[in-house]
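Read through the structure below, which is laid out as structure tokens, and then see the notes.
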Amino acid sequence: MLAIPPFYIKGTIESIAEELDAETVLVSPAVGMQGDADGLHYRPPPTGSVAELVAETAPDDVPVVGACTNLSAERLADLDVTFEMDTLVFGDSADAKRTVGDMVERLEGITALDAGPLANATEVESLTPLLINLARYNDDIDHAGVKFV
Ligand SMILES: NC(=O)c1ccc[n+]([C@@H]2O[C@H](COP(=O)([O-])OP(=O)(O)OC[C@H]3O[C@@H](n4cnc5c(N)ncnc54)[C@H](OP(=O)(O)O)[C@@H]3O)[C@@H](O)[C@H]2O)c1
-8 MLAIPPFYIK GTIESIAEEL DAETVLVSPA VGMQGDADGL HYRPPPTGSV
42 AELVAETAPD DVPVVGACTN LSAERLADLD VTFEMDTLVF GDSADAKRTV
92 GDMVERLEGI TALDAGPLAN ATEVESLTPL LINLARYNDD IDHAGVKFV
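Residue numbering for the sequence shown follows the numbering used here, beginning at -8 and increasing consecutively.
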């Protein structure tokens, strides 16, 4: 689970590349964002998305799955709050997506939705700054999440 700022992803994967193989699933929850006085703005790496940067950097046989990009860590950490939220799971390996989807659905209240292949990563990752900005500008929204119906 590459839960680190995007800037460090390439070097981190390179430093552990020898430990990765086809049995590993690399999960990318990271989103490229930059903040200013107005809020957070989506700033993907040149690959188009962080998940595609992960796939480009990792050894070819290692499946990469994007997940949890739109889940607030702070909200998940508050065990007194109940919620119903979706997280979008995306990647090119159906098996790896199923593995990650099953894993995130162990979190009570979370439903994993298949958002398609890694080529769809930009659309998914770009949701995150919107959610964070909504929480900033609306007093009645604590940590914004999404439930798709
Ligand atoms: N926070 C959220 O609610 C949330 C939700 C969804 C997705 N994300 C994504 O998850 C990623 C991490 O978010 P965060 O809130 O945990 O951010 P953060 O607090 O900035 O990230 C901390 C993590 O980055 C690691 N790190 C720092 N410098 C590093 C380096 N030079 N090389 C390798 N690892 C380094 C830290 O390791 P050490 O502890 O060893 O220093 C720590 O594990 C972000 O890309 C964010 O977009 C966050």
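For each residue, glycine too, the CB sits at the ideal point set by N, CA and C. On a predicted model such as this, the values are computed, not experimentally measured, just so you know.
Contact check for Pro54 and Ser84: beta-carbon distance about 4 angstroms, within the 8 angstroms limit, so the pair qualifies. In the displayed model, Met24 falls within a strand according to three-state DSSP. The residue among Gly107, Asn129, Gln25, Ala42 with its C-alpha nearest the C-alpha of Thr60 is Ala42. For Val55, the uninterrupted beta strand (DSSP E) run begins and ends at 55 to 57, by DSSP. Cβ contact annotation for Val45 (same chain, cutoff 7 angstroms, sequence separation greater than five): Leu(-7), Ile0, Ile4, Leu17, Ser19, Val55, in chain order. No heavy atom of ligand 1 is found nearer than 7 angstroms to the CB of Leu118.
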